[in-house]
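Student: Sharing a structure here in structure tokens format.
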Amino acid sequence: MSKGRRIARASVAVAAAGVVALSACTPPEDTEGPGGGDDGDDVFLQMATGSTGGTYYPLGGEIAQLWTNNIDGLQVDTLATGASVQNLRALEGETEDEEEGSIDQVELIMSVNGVAMQAKDGAGPFEDEPLSNPEGIVALGNIYPEVMQVVTLEDSGIESIADLEGANVELGPPGSGTEVAARQILEAYGIDPDNDINSFDSTFGDAATALGDGQVDAAFGILSVPAAGIIEVSANNDVRILPIDGEEADELMAADESYSPLTIDGGTYSGQDDDVVTLTQWATLYSMDSLDEDIAYELTKVMYEEAGAIGHDVGDQVLPETALDGLGNIELHPGAERYYEEQDLLD
């Protein structure tokens, strides 16, 4: 189809799948920003992902390479970050993270959908420091289901979320989607995460190690299924995935439309013989509404139509059929909306 810039195929400028994501690339002086250069000029975009031990980092590198391979004149580089909260702030300008340091403004981010909704509403971690232009945040589409998995060892005696009272619990890094959701879930079960448990804030890789070593009793993680960290723990220990269902789950879903139920099949992990009902959110691709419409269209189209080339375990979960689930109050970028209209995916 006719577009305002060349869209076809380009050279690779992003690290290959699973390799360290590249740092920021400085665009040439005649590039005016995302989608802003004259025809013939390359466009440089940066995407904020997550920590090096999570899913966002390697998966984001693969998606960025898909874009760079398949969209002529476009180069997308990726950054390791503190994930959802920091990423949303980085859409507006430079932001700071205790572990990842200073992150410059970016054009694309991966974020848990629920955290993006909080950013839009000035709620949760954005209540005291709201974004300056939350209305400018738009979605391009979901990437994969972010399944809340609360894992403990089978011999811990912990069988439910309510049993976590008084326990040593890993909640996830401060400001991450995991920590935000973990606090919501604990509060739904009547547990004050600041006073009723001994909380820790490790990345899930470190949390899984601590769980396997007996240093903590349970760990929250918004993860893909199966999760590599849980598989590692279950190699030497039978694990239990705690259910999130019943009235508490219903209340959470009623209060936050980013949640939906999901069943983890029995046998997914060693010791987890029965199906477990839990909650899922979504890892979603976001930008600001200032991103060029044709670029946004091509980013969306390529991410779904070339997803078969993704080698990561969740590659087969990058589907246009689930691209619009749980977006809540976040509007679609007009370029992404055009793609979904072509696919008859909009009501």
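Letter 113 of the sequence shown, counting from 1, is numbered 934 in the working numbering, and no numbers are missing.
Backbone N, C-alpha and C fix where the C-beta goes; we use that ideal spot for every residue, glycine too.
Closer than 8 Å by C-beta to Pro-1082: which residues in its own chain qualify, once you throw out the five before and the five after it? Chain order, please.
Tutor: The residue given as residue 1082 occupies position 261 in the sequence shown. Hits under 8 Å: Asp-1066, Ala-1070, Met-1074, Val-1098, Thr-1099, Leu-1100 and Thr-1101.
Student: Taking only the alpha-carbon atoms, compute the straight-line gap between Ala-937 and Met-1109 and give it to the nearest angstrom.
Tutor: In the sequence shown, residue 937 corresponds to position 116, counting from 1. In the sequence shown, residue 1109 corresponds to position 288, counting from 1. So the alpha carbons of these two residues sit roughly 12 Å apart.
Student: In chain order, what residues of the same chain have a beta carbon less than 7 Å from the beta carbon of Glu-853, not counting five sequence neighbours either side?
Tutor: Taking the sequence shown and counting its residues from 1, one reaches residue 853 at position 32. Note on Glu-853: pLDDT 39, under 50, position unreliable in the model; the coordinate value appears next. So no residue of the chain qualifies.
Student: Would you call the region 930–949 and the region 885–894 in contact, with 3 or more CB pairs under 8 Å?
Tutor: No, they do not touch.
Student: Which one or two residues does DSSP pair with Ile-1043 in a beta bridge?
Tutor: Start at 1 with the first residue of the sequence shown, and residue 1043 comes out as number 222. Per DSSP, Met-969.
Student: Three-state secondary structure (DSSP) at Val-864?
Tutor: Numbered from its first residue, the sequence shown carries residue 864 at position 43. Looking at Val-864 - three-state DSSP - the assignment turns out to be strand.
Student: Looking at the structure shown, is Ile-982 part of a helix, part of a strand, or coil, going by DSSP?
Tutor: Position 161 of the sequence shown, counted from the start, is the residue given in the question as residue 982. Ile-982: helix per DSSP, three-state reduction.
Student: My output table needs one value for Gln-1102: the three-state DSSP class, helix, strand or coil.
Tutor: Indexing the sequence shown from 1 puts residue 1102 at position 281. Gln-1102 falls in the strand class under three-state DSSP.
Student: Quick one: using the 10 Å Cβ neighbour count with 16 as the cut-off for buried, is Ser-923 buried or exposed?
Tutor: Indexing the sequence shown from 1 puts residue 923 at position 102. Exposed, since its Cβ has fewer than 16 Cβ neighbours within 10 Å.
Student: For Ala-912, which option in Glu-928, Leu-895 and Gly-1087 has the closest C-alpha, if you only look at C-alpha atoms?
Tutor: Taking the first residue of the sequence shown as position 1, residue 912 is located at position 91. Reading off the sequence shown, one finds Leu at residue 912, where the question assumed Ala. Comparing Cα positions, the closest option is Glu-928.
Student: Extract the residue ranges of the beta strand (DSSP E) inside the region 880–921, only unbroken runs of 3 or more that lie entirely within it.
Tutor: DSSP runs (the beta strand (DSSP E)) wholly in the region 880–921: 895–900 and 916–918.
Student: Quick check: the Cα distance between Asp-1094 and Ala-1040, rounded to an integer number of angstroms?
Tutor: Numbered from its first residue, the sequence shown carries residue 1094 at position 273. Numbered from its first residue, the sequence shown carries residue 1040 at position 219. Cα to Cα, the separation comes out at about 19 Å.
Student: Secondary structure at Asn-934, three-state DSSP: helix, strand or coil?
Tutor: Counting from 1 along the sequence shown, the entry for residue 934 is found at position 113. The answer is helix: DSSP assigns Asn-934 an H, G or I state.
Student: For Val-1060, does the three-state DSSP call read helix, strand or coil?
Tutor: Within the sequence shown, the letter at position 239 stands for residue 1060. In the structure shown, Val-1060 sits in a strand (DSSP, three-state: E or B).
Student: What residue from Pro-1047, Glu-1126, Ala-885 and Gln-926 has the CA that sits closest to Gln-896's CA?
Tutor: Within the sequence shown, the letter at position 75 stands for residue 896. The shortest Cα separation from Gln-896 among Pro-1047, Glu-1126, Ala-885 and Gln-926 belongs to Ala-885.
Student: Apart from the five residues just before and just after Val-1046, which ones in its own chain have a Cβ nearer than 7 Å to its Cβ?
Tutor: Mapped onto the sequence shown, residue 1046 falls at position 225. For Val-1046, where only same-chain residues beyond five positions count, the Cβ hits under 7 Å are Val-968, Ile-1085 and Thr-1089.
Student: For the region 1059–1096, which segments carrying the beta strand (DSSP E) assignment without a break, of at least 3 residues, lie completely within its bounds, in sequence order?
Tutor: You should have 1060–1062 and 1081–1085.
Student: May I have a chain-ordered list of the beta strand (DSSP E) segments no shorter than 3 residues that lie completely inside the region 1140–1168?
Tutor: Runs found: none.
Student: Grab the span of the beta strand (DSSP E) containing Glu-991 for me, first residue to last.
Tutor: Here the question's residue 991 lines up with position 170 in the sequence shown. Segment 989–991, the beta strand (DSSP E) holding Glu-991.
Student: Cutting at 6 Å between CB atoms, please list the residues of its own chain near Gln-939, excluding the five before and the five after it.
Tutor: Stepping through the sequence shown from its first residue, residue 939 is reached at position 118. Within the same chain, Gln-939 has close Cβ partners Gly-945 and Phe-947.
Student: Could you name the residues of the same chain whose beta carbon sits closer than 7 Å to that of Ile-930, not counting the 5 residues immediately before and after it, in chain order?
Tutor: Locating residue 930 in the sequence shown gives position 109, where the first residue counts as 1. Result list for Ile-930: Met-868, Ala-869, Asn-908, Leu-909, Ala-911, Leu-912 and Tyr-1107, in chain order.
Student: From what residue to what residue does the beta strand (DSSP E) around Ser-1111 run?
Tutor: Taking the sequence shown and counting its residues from 1, the one referred to as residue 1111 is at position 290. First-last for Ser-1111: undefined, no H or E at that position.
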